[in-house]
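Numbering (the numbering used here), first residue to last: 35 to 235.
The structure appears right after this line, and notes come after that.
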Amino acid sequence: MRIAVFGGTFNPPHPGHIKLAAAVISNKLADKILFVPAYRPPHKSDWELVSFEDRLAMMKLAAEALPESEVSDIEGYRPDEPSYTEVTLNELTAASPSDEFVLLIGEDSLQQLHTWYSARTLVENWEILSYPRPPLNVTFDNLEEKWPKELAEKLYRGKIDLPVFDISSTEIRHALKHNLSTFGMLDDKVADYIKEKLLYR
């Protein structure tokens, strides 16, 4: 199978994540989506980050809406180190050598990819698909400033034209913290989980 690895904090997961993943499937860019919640994301502060267990549980609830998806707890087995994508992809490939893993990231991550752990190894060994994050538009020239030409070309070819879903976890957390409506911003099961656990209050 061709599996798109979709990592993130998912703090919390929302319908935009699921709709984006569904668009990847419907456009035949992958056969399956593997959601990988980060245990300790290296590029983000954790002051608003709820527990890995809660984010994993919410992601599993959200992913029920997409049959062609699965949720992995692989990064929970490395609690003492940051959740490096290159390490995760190595472990996934070793565990399922007959599958083809590709990485799905936003264009904002594409812009900063050169700062990631083992970035060159990551780009050399795996296909990277990047989805739009307007108003950002990473050009080939932008990539060539940070990467050798052949890797810049590979990354630029990986830019995919998918719908933009204007929902953000930051906005959801703000709404929950201030007792504002989150109607349409959360899957019902995820909303119920957040309410039951009193998350983001």
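Beta carbons are placed, not taken as given, at the ideal position from N, Cα and C, and that holds for glycine.
Quick caveat, the model's predicted, so the values are computed rather than measured.
In this structure, the beta-carbon distance from Thr-122 to Gly-41 falls below 9 Å.
Counting the other Cβ atoms within 10 Å of the Cβ of Tyr-111 gives fewer than 16, which makes it exposed. Looking at the DSSP output, Ala-38 shares a beta bridge with Ile-67 and Val-136. Between the alpha carbons of Leu-163 and Leu-138 lies a distance of about 5 Å. For Tyr-73, the three-state secondary structure derived from DSSP is coil. Per DSSP, Leu-163 is not a residue of any alpha helix (DSSP H); the beta strand (DSSP E) it occupies stretches across 161-165. Leaving aside the five residues that flank Met-93 on each side, the residues in its chain whose CB is nearer than 7 Å to its CB run, in chain order, Phe-44, Pro-47, Phe-69, Pro-71 and Val-105. Taking Gln-146 as reference, the option from Ile-59, Arg-235, Glu-178 and Arg-207 with the minimal CA-CA separation is Glu-178. When secondary structure is reduced to three states using DSSP, Ser-103 falls in the strand class. Within a 10 Å sphere around the beta-carbon of Met-219 sit 16 or more other beta-carbons, which makes this residue buried. Taking 8 Å as the upper bound for CB-CB distance, Pro-166 and Glu-141 are in contact here, some 6 Å apart. Arg-89 and Asp-226 have their C-alpha atoms some 14 Å from each other. Setting aside the 5 residues that flank it on each side, Asp-221 is surrounded in the same chain by Pro-49, Leu-95, Ala-96 and Ala-99, each with a C-beta closer than 7 Å to its C-beta; the list follows chain order.
For the pair Lys-62 and Asn-159, the Cα-to-Cα distance works out to about 21 Å.
For Lys-193, DSSP records a beta bridge to Ser-164. In this model, Thr-127 and Ala-153 are separated by some 17 Å (Cα to Cα). About 37 Å separates the beta carbon of Leu-185 from that of Val-224, a gap too long to meet the 8 Å contact definition. Between the C-alpha atoms of Leu-196 and Val-172 there is a straight-line separation of about 15 Å.
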